[in-house]
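Heads up: the structure comes next, in structure tokens.
Numbering (the working numbering), first residue to last: 55 to 216.
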């Protein structure tokens with residue numbers, strides 16, 4: 055862990071997370087708009103159902119891409135020794151974690167081992183020296199690198215490292 059706060063570089067996880075929310079909300083609004091615009095009386099025409107399904111599919115794909123981008127940015131920040139966003143439970147990959155506390159398949163995070171910064175670079179909280187920061191570490195199961203959340207191993211190996 056760097057002894058002083060690192061400089062915030064590139065896109066931030068905080069910004070990427072905001073984009074996830076915006077894309078998700080826009081997707082829901084687009085589906086609702088497609089339903090409302092295509093509604094004719096009490097039933098939806100088959101073409102309207104098709105349009106709604108296409109809009110929902112595009113929205114789901116866009117949201118999934120935004121979530122994946124958030125995860126990539128989060129790992130990039132952690133590799134530089136800081137994070138600009140924190141959460142107690144969460145994940146951005148598919149698959150189950152191999153043990154440890156889980157809530158609806160999410161993993162628990164502990165950010166106390168890394169610099170927590172605002173996107174401006176202002177320090178929110180310095181790291182505790184007695185904690186391992188979250189990030190990529192050699193997997194205890196072998197086979198390469200795995201994400202450590204500061205609390206538990208995730209079983210997640212980023213696709214760029216597979």
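Positions of the beta carbon are idealized from the N, C-alpha and C atoms, including for glycine.
Looking at C-alpha atoms only, which residue of 97, 177, 164 and 172 is the closest neighbour of residue 57?
177
Which same chain residues, not among the five before or five after residue 160, have their C-beta less than 6 Å away from its C-beta?
So the list reads 143, 144 and 145, once near-sequence residues are dropped.
Sort 135, 89, 59 and 130 by Cα distance to residue 186 and report the nearest one.
135
Opposite residue 177 in the DSSP bridges: which residues?
171
If you follow the alpha helix (DSSP H) that residue 131 is part of, which residue opens it and which one closes it?
100-133
For residue 88, collect the residues of the same chain with a Cβ closer than 6 Å to its Cβ; drop the 5 residues on either side in sequence, then sort them by chain order.
Cβ contact annotation for residue 88 (same chain, cutoff 6 Å, sequence separation greater than five): 105, 106 and 109, in chain order.
Quick one, are the C-beta atoms of residue 138 and residue 69 less than 9 Å apart?
yes
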